[in-house]
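Be aware that the sequence shown starts at 1038, since it is given in this note's numbering, and climbs by one per residue.
The beta-carbon is built from N, C-alpha and C at its ideal position, and this holds for glycine as well.
Remember, predicted model here, so these are calculated numbers, not experimental data.
Structure, as structure tokens:
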Amino acid sequence: METLTWWSQNILLLAIPVFFTTLVLEWLVLRRASMQGKVGYAWQDTGTSLLLGVIKLVVMGITAGYVAAAFAAVYGNRLFTFDPLALWTWPLLLVMQDLCYYIYHRSAHRVRLLWCEHVNHHSSEHYNLSTALRQSTLGPVYGFVFYLPLAWVGFHPVALALGFGINLLYQYWIHTEAIDRMPAWFEAVFNTPSHHRVHHGSNARYIDRNYAGILIIWDKLFGTFEPESAEEPVVYGLTKNIHSYNPLVVIFHALRDLAVAVWKTPGIGNKLLRLIMPPDWEPSAVRETKNARQAA
1038 METLTWWSQN
1048 ILLLAIPVFF
1058 TTLVLEWLVL
1068 RRASMQGKVG
1078 YAWQDTGTSL
1088 LLGVIKLVVM
1098 GITAGYVAAA
1108 FAAVYGNRLF
1118 TFDPLALWTW
1128 PLLLVMQDLC
1138 YYIYHRSAHR
1148 VRLLWCEHVN
1158 HHSSEHYNLS
1168 TALRQSTLGP
1178 VYGFVFYLPL
1188 AWVGFHPVAL
1198 ALGFGINLLY
1208 QYWIHTEAID
1218 RMPAWFEAVF
1228 NTPSHHRVHH
1238 GSNARYIDRN
1248 YAGILIIWDK
1258 LFGTFEPESA
1268 EEPVVYGLTK
1278 NIHSYNPLVV
1288 IFHALRDLAV
1298 AVWKTPGIGN
1308 KLLRLIMPPD
1318 WEPSAVRETK
1328 NARQAA
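In structure tokens:
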């Protein structure tokens, strides 16, 4: 159990040299492919992404105490016990944890208040391995709640922490344009660079698609899958890009916009709906006013 605990605490830190090595390799590959329509790297953008990754680690450290306490409390009232040292536990844990990630990720796109913390991961107009490190810096404050049911079912908190690290590390390599397609059988089951490029698209057909972490089967089961089209290249970024490399702007711009929208929205009920409805939702009164102005 001590070995498992050590890996759960250090897996992300041990990956840092791999991150930097693969970033350089990808930069070299994309540099050679720069005349083939690849977006590639912009160093200010990359710097912002790396800084946000560091901030995410700091926030994880700050929140680690109460997150661990929450998992321990729930695990103390578990229904079953899945031995974290048994090999058969791990495939089941990783699949169930990936389903929880799908639910969390989809919620982070469809609930505006949650989108306000996830949006910074989508704010880059570039798509490369550094984009994977442009993490949702405020996610550790609440994201663990989506995984608490797994502790209640009977998965040990240490195993869940290691599983979370594995899930996060898998998603690193799919943030690239250097890989076109994987073999068909792999594309059918697993999340791949092609599938995830779609997820980062601001094109209408690609918005809110392919929420998968490791397994793309969740999107296929729940109707959110969209294949990458050769006829419509992915346009990365937001529908309204922020054009800023300031980390404070990247992290908080959506919260600022939400606060303004809530302030201007009439009625307590509509103000609350602003928080929990999708990012593009507007009360009918606000929508009618906009339509009237456009028609005038």
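Tell me the DSSP secondary structure of L1151 in three-state form. In the structure shown, L1151 falls within a helical segment according to DSSP collapsed to helix, strand and coil.
Is it true that the CB of Y1141 sits closer than 8 angstroms to the CB of W1255? The beta carbons of W1255 and Y1141 sit no closer together than 8 angstroms.
By the three-class DSSP mapping on this structure, what secondary structure does G1274 have? Here DSSP, grouped into helix, strand and coil, assigns G1274 to coil.
Can you list, in chain order, the residues of its chain whose CB lies under 7 angstroms from that of F1227, leaving out five sequence neighbours each side? The residues I1251, L1252, I1253, in chain order, have a CB closer than 7 angstroms to that of F1227 in the same chain once the five nearest residues on each side in sequence are set aside.
What's the call for R1218, buried or exposed, on a 16-neighbour Cβ count within 10 Å? Burial call: exposed.
Could you tell me the boundaries of the alpha helix (DSSP H) in which R1246 lies? For R1246, there is no enclosing alpha helix (DSSP H), since its DSSP letter is neither H nor E.
So, helix, strand or coil for G1202, using DSSP? Residue state, collapsed to three classes: helix.
Tell me, please, whether the stretch 1265 to 1282 touches the stretch 1234 to 1251 by the rule of three or more beta-carbon pairs shorter than 8 angstroms. Under the three-pair Cβ rule at 8 angstroms, the stretch 1265 to 1282 counts as touching the stretch 1234 to 1251.
Measuring only the C-alpha atoms, how far is L1199 from T1040? Counting only the Cα atoms, T1040 lies some 11 angstroms from L1199.
Roughly how many whole angstroms lie between the Cα atoms of D1317 and H1237? When only Cα atoms are considered, D1317 and H1237 end up about 17 angstroms apart.
So is A1123 buried or exposed if we call it buried at 16+ other beta carbons inside 10 Å? The residue in question, A1123, is exposed, as its Cβ has fewer than 16 Cβ neighbours within 10 Å.
Excluding the 5 residues flanking I1143 on each side, which residues of the same chain have their C-beta closer than 6 angstroms to its C-beta? Strictly speaking, residue 1143 in this sequence is Arg, with Ile absent from that position. In its chain, beyond the 5 residues on either side, Y1248 have a beta carbon closer than 6 angstroms to the beta carbon of R1143.
Does DSSP classify F1119 as helix, strand or coil? Judged by DSSP in its simplified three-state form, F1119 adopts strand.
Please list the terminal residues of the continuous alpha helix (DSSP H) segment that includes E1224. Note, E1224: alpha helix (DSSP H), 1221 to 1226.
Count Cβ pairs between the stretch 1083 to 1102 and the stretch 1174 to 1182 that sit closer than 8 angstroms; are there 3 or more? These segments touch.
Whether F1119 touches F1057 by CB criterion (8 angstroms): With respect to F1057, F1119 sits apart: the two C-beta atoms are not nearer than 8 angstroms.
Let me confirm a value: T1276 is counted as buried when at least 16 other C-beta atoms fall within 10 Å, else exposed. Which label applies? Its Cβ having fewer than 16 others within 10 Å, T1276 is exposed.
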